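One structure is given here, and the rest of the page talks about it.
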Amino acid sequence: MHTTQLTDLAKLLRHHILQSSTAAGSGHPSSSLSAVELMGTLFFGGIFHYDFDNPSYIFNDRLIFSKGHASPLFYSLYTVAGKLSYDELLTFRKIDSNLEGHPTPRFKYTEASTGSLGQGLSIGVGMALGISLHEKQLNKKLSRKPRVFVLIGDSEIAEGQVWEGLEIASQYKLGHLIGILDVNRLGQRGETMLGWDLDTYKQRIESFGWNTVIVDGHNLTEVQQAYSQALKNIDTEKPTMIIAKTIKGKGVSSIENKDGWHGKTLTSDMLVAALKELGPVDMTLQGSVTVPEKADVKSTDAILSEKHVVYDKAVATREAYGDALVAMGGSDTSIVVLDAEVSNSTYAETFKKAYPERFFEMYIAEQNMVSVGVGFSKIGFKPFISSFAAFLTRAFDQIRMAQYSEARLHIAGSHAGVSIGQDGSSQMGLEDIAMMRSLLQSVVLYPADGPATIALSKLMQSCQYVSYLRLTREKTQSLYTSDDTFVIGGSKVLKQSMGDKVTLIAAGITLHESLKAYEELQKTGIAATVIDAYSIKPIDKDTIVKHAEKTGHIIVVEDHYPYGGLGSAVMEALAGTSVSITHLCVKSIPHSGTPEELLEKEQINSATIVETVRQLLRRNK
Numbered sequence: 006m007h008t009t010q011l012t013d014l015a016k017l018l019r020h021h022i023l024q025s026s027t028a029a030g031s032g033h034p035s036s037s038l039s040a041v042e043l044m045g046t047l048f049f050g051g052i053f054h055y056d057f058d059n060p061s062y063i064f065n066d067r068l069i070f071s072k073g074h075a076s077p078l079f080y081s082l083y084t085v086a087g088k089l090s091y092d093e094l095l096t097f098r099k100i101d102s103n104l105e106g107h108p109t110p111r112f113k114y115t116e117a118s119t120g121s122l123g124q125g126l127s128i129g130v131g132m133a134l135g136i137s138l139h140e141k142q143l144n145k146k147l148s149r150k151p152r153v154f155v156l157i158g159d160s161e162i163a164e165g166q167v168w169e170g171l172e173i174a175s176q177y178k179l180g181h182l183i184g185i186l187d188v189n190r191l192g193q194r195g196e197t198m199l200g201w202d203l204d205t206y207k208q209r210i211e212s213f214g215w216n217t218v219i220v221d222g223h224n225l226t227e228v229q230q231a232y233s234q235a236l237k238n239i240d241t242e243k244p245t246m247i248i249a250k251t252i253k254g255k256g257v258s259s260i261e262n263k264d265g266w267h268g269k270t271l272t273s274d275m276l277v278a279a280l281k282e283l284g285p286v287d288m289t290l291q292g293s294v295t296v297p298e299k300a301d302v303k304s305t306d307a308i309l310s311e312k313h314v315v316y317d318k319a320v321a322t323r324e325a326y327g328d329a330l331v332a333m334g335g336s337d338t339s340i341v342v343l344d345a346e347v348s349n350s351t352y353a354e355t356f357k358k359a360y361p362e363r364f365f366e367m368y369i370a371e372q373n374m375v376s377v378g379v380g381f382s383k384i385g386f387k388p389f390i391s392s393f394a395a396f397l398t399r400a401f402d403q404i405r406m407a408q409y410s411e412a413r414l415h416i417a418g419s420h421a422g423v424s425i426g427q428d429g430s431s432q433m434g435l436e437d438i439a440m441m442r443s444l445l446q447s448v449v450l451y452p453a454d455g456p457a458t459i460a461l462s463k464l465m466q467s468c469q470y471v472s473y474l475r476l477t478r479e480k481t482q483s484l485y486t487s488d489d490t491f492v493i494g495g496s497k498v499l500k501q502s503m504g505d506k507v508t509l510i511a512a513g514i515t516l517h518e519s520l521k522a523y524e525e526l527q528k529t530g531i532a533a534t535v536i537d538a539y540s541i542k543p544i545d546k547d548t549i550v551k552h553a554e555k556t557g558h559i560i561v562v563e564d565h566y567p568y569g570g571l572g573s574a575v576m577e578a579l580a581g582t583s584v585s586i587t588h589l590c591v592k593s594i595p596h597s598g599t600p601e602e603l604l605e606k607e608q609i610n611s612a613t614i615v616e617t618v619r620q621l622l623r624r625n626k
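Each residue of the sequence shown is one higher than the one before, counting from 6 in this note's numbering.
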């Protein structure tokens, strides 16, 4: 497109940014104005290829606004493209509008939710990896490999996750990933760390294995040349970062390059003056976006078969998880596995050996790993993500944002609880159930043996939300067979009789301790119900209430801190009843020891359960 046409479109974009944000009375017009030429050229300069009638087409180019607060610009692009009416644009940030303050999938062209800064590049990495994998699986050699573009703010580049994304993109040679760094110098409360020191940005980014192009972000000719160079760089298999010097509030002299205007809109008088300064705009002007080439997206892969797994000996649930991945991966080529350099402990390496092209080593960078998984999910894959349960807590913000992206993310946390033994408290996931239960839309599952792990992993495969599988380090005897069925929101009543005096509820490692306690109690004539609450969220409320009312006493046993875990889930299920509840859980900061010593010390072993039941019955005679 001719520079004159892009100039007119840039003016129209600025008009829309100012009108929509002022009408909303809130938003970030200054951050949007700085990137107008960068994004206007990308969209309408023949660079971005996208089929608006088929947003889910896997070979569309992808655009992620990692600086999600620049949403007035984001929505204005689609208005100028003729895909969003001007009247709807003016509903920005209104309660009944899909145009939220930071983009979410409620607006159908949003690839992923952004706004928690630093995550967009990692999501872009996942999409770029997904595009390459789609090409391999479909055996397609497109004349033009789809590109992934990520707009990044200079403030957010202080986030460590950005650098995690930079290094992994280089590692996987993602030449079709193009970052656009909007260096407008001003953050929320003043100047950024580097200001307009573009040379330092260049040196640092290149040191991570990227090509860089420095550009005046408001010079349309330079911006066009920068994109042209970035597209040429695709063949180098090195990702490219366009480092653009821009001015915050560009085009509005009253706020241009002035501190204190982040997240503030113009007053009505200021808007009048700004529109006069902008000059006349052609409201009928419309930019065109290039439609990508069409390719048959029907897989040419041979139909694979699911492997059947049977256990005739004790096995750790983390080991069974690896077997489950291989079993599922044999019949579903959309499954990909990501691991944070612990695959020999999580047993994700089992999948790597079977299907290496669908395994992605994310190294020790859990935040990046989760967001890369989001990118995979949003491009049609089913990512299974694994690490130690303790280390997933550092990626909670990324997991939280995954639900707003409507991502199907399947997470496995191994080495949970004090039962891992000698490694000590830093390695013991004791907050993970609480973390995952706190999401509004999530599923939390906790298998006690190999067959349950296989079955629950398969349930996760079809889960539409973020799902979590808690895994233990120790080998456990099988309680189930491959013929047993499980459901999300279900439980298993393993022991019961007419004369039961108490109900024991547990999951995972403590279920085995509860069953040992059951056998000891039986020897002294005390009958108990034992329930495997393998689905912690959603919890099987009906079964819990039924047996709680029958026995009158509940003892919950879990290898987790007191707050937010299985005990909390059971208490919530029994709210409004008169049932007494005893909660055995980890109530101190643990330290190294054998699994048996730690279960005893934290009073969640079979002997403690037996004594607790006896004390409870003595008190209630």
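A virtual CB, placed ideally from N, CA and C, is assigned to each residue, including glycine. Quick caveat, the model's predicted, so the values are computed rather than measured.
| Query | Result |
| --- | --- |
| Stretch pair the region 579 to 594 + the region 551 to 563: three plus CB contacts closer than 8 Å | yes |
| Backbone CA spacing between VAL347 and GLU261 [nearest angstrom] | 49 Å |
| Exposure label - SER25; buried when at least 16 CB within 10 Å | buried |
| Whether ARG405 touches LEU444 by CB criterion (8 Å) | yes |
| THR613 versus ALA439 - alpha carbon distance | 24 Å |
| Under 8 Å between C-beta atoms of ILE247 and HIS223 | no |
| 4-residue-minimum alpha helix (DSSP H) runs that sit fully inside the region 581 to 609, ordered along the chain | 600 to 606 |
| Extent of the continuous alpha helix (DSSP H) to which ILE459 belongs | 455 to 466 |
| 8 Å CB neighbourhood of VAL296 in its chain, flanking five on each side removed | HIS54, TYR55 and ASP56 |
| Beta carbon of ALA353 nearer than 8 Å to that of LEU330 | yes |
| Complete runs of the beta strand (DSSP E) confined to the region 163 to 198 [at least 3 residues] | 182 to 188 |
| TYR473 in three-state terms, based on DSSP | strand |
| Anticipated Cβ contact below 8 Å, TYR539 with LEU461, distance rounded | 7 Å |
| Per-residue burial, ALA152 [other beta carbons within 10 Å of its own, 16 or more giving buried] | Correcting the residue type first, residue 152 is Arg in the shown sequence and not Ala. Answer is buried; the Cβ neighbour count reaches 16. |
| Opposing strand residues paired with LYS542 [DSSP bridges] | VAL449 |
| Validate contact between the region 118 to 128 and the region 90 to 100 using beta carbons, cut 8 Å, 3 pairs | no |
| Strand pairing of LEU68, partner residues [DSSP] | PHE154 |
| LEU290, buried or exposed, once every other Cβ within 10 Å from all chains shown has been counted against 16 | exposed |
| For ALA533, the first and last residue of its enclosing beta strand (DSSP E) | 533 to 537 |
| Straight-line Cα distance separating ALA532 from LEU526 | 7 Å |
| Between the CA atoms of LYS141 and GLU362 - distance to the nearest angstrom | 9 Å |
| Residue ranges of each alpha helix (DSSP H) within the region 11 to 78, 4 or longer | 34 to 38 and 41 to 49 |
| Whole-angstrom distance between PHE154 and GLY129, CA atom to CA atom | 7 Å |
| Environment of VAL277 [buried if 16+ CB atoms lie within 10 Å] | exposed |
| Opposing strand residues paired with PRO388 [DSSP bridges] | VAL341 |
| Straight-line Cα distance separating ILE544 from PHE386 | 28 Å |
| Which listed residue (ILE173, SER483, ILE514 and ALA412) has its alpha carbon closest to that of PHE365 | ILE173 |
| Reference PRO600, options ILE210, VAL423, ILE541 and GLN608, closest by Cα | VAL423 |
| Cβ contact (3+ pairs, closer than 8 Å) linking the region 206 to 224 and the region 279 to 286 | no |
| Within the region 202 to 228, ranges of the beta strand (DSSP E) (whole runs, at least 3 residues) | 216 to 221 |
| Given GLY268 as reference, the closest of MET198, LEU191 and ALA332 once Cα atoms are compared | LEU191 |
| Option nearest HIS139 by Cα separation, candidates ASP301, PHE213 and GLN229 | ASP301 |
| HIS558 - DSSP class collapsed to helix/strand/coil | strand |
| The region 102 to 114 touching the region 79 to 91, judged by at least three CB pairs closer than 8 Å | yes |
| Three-pair Cβ contact test at 8 Å for the region 335 to 345 versus the region 373 to 387 | yes |
| Beta-carbon gap between SER419 and LEU343 smaller than 8 Å | no |
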